[in-house]
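In my numbering, the protein residues as written are 2 to 105.
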Amino acid sequence: MSLEALTRIADAERRAEEILSEAKSRAEALTALSAAEAAEAVENARERARADSTALAEQAGQEADAAAETRRTETEAQCAALEQTAEGRMDRAVAYVLGRVVNG
Numbered sequence: 002m003s004l005e006a007l008t009r010i011a012d013a014e015r016r017a018e019e020i021l022s023e024a025k026s027r028a029e030a031l032t033a034l035s036a037a038e039a040a041e042a043v044e045n046a047r048e049r050a051r052a053d054s055t056a057l058a059e060q061a062g063q064e065a066d067a068a069a070e071t072r073r074t075e076t077e078a079q080c081a082a083l084e085q086t087a088e089g090r091m092d093r094a095v096a097y098v099l100g101r102v103v104n105g
């Protein structure tokens with residue numbers, strides 16, 4: 002082989018090593034960039050999940066408060082009806098007791 006051929010082979014090998022080194026550097030940079038983008042995507046998903054869970058918790062709390070208020074109102078109405086019924090029957094109960102006491 003001639004010296005010129007050996008020089009060309011050495012230059013080609015050196016150039017191949019440079020290309021390989023550059024490719025490795027680019028691959029490492031892309032890997033780092035992909036990892037950073039993935040981490041950002043995960044953090045964004047976590048933030049959305051936190052916001053969604055907070056909104057759902059607030060909605061559940063509001064629904065629970067509304068249900069409790071409805072139940073309180075219904076209970077108050079039932080108590081009022083029972084009191085009214087008891088008051089209506091009180092006169093008869095007093096008359097019955099007095100009748101039993103007087104008549105023995």
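A virtual CB, placed ideally from N, CA and C, is assigned to each residue, including glycine.
Whole-angstrom distance between residue j and residue i, CA atom to CA atom
i	j	result
Gly-62	Thr-55	10 Å
Glu-75	Val-103	42 Å
Asp-66	Ala-52	21 Å
Glu-29	Ile-10	28 Å
Ala-42	Leu-34	12 Å
Ala-6	Ala-40	50 Å
Backbone secondary structure at residue i - three-state DSSP
i	result
Ser-22	helix
Met-91	helix
Ser-113	What the structure shows of the chain is the stretch from 2 to 105, and residue 113 is not part of that stretch, so it cannot be assessed.
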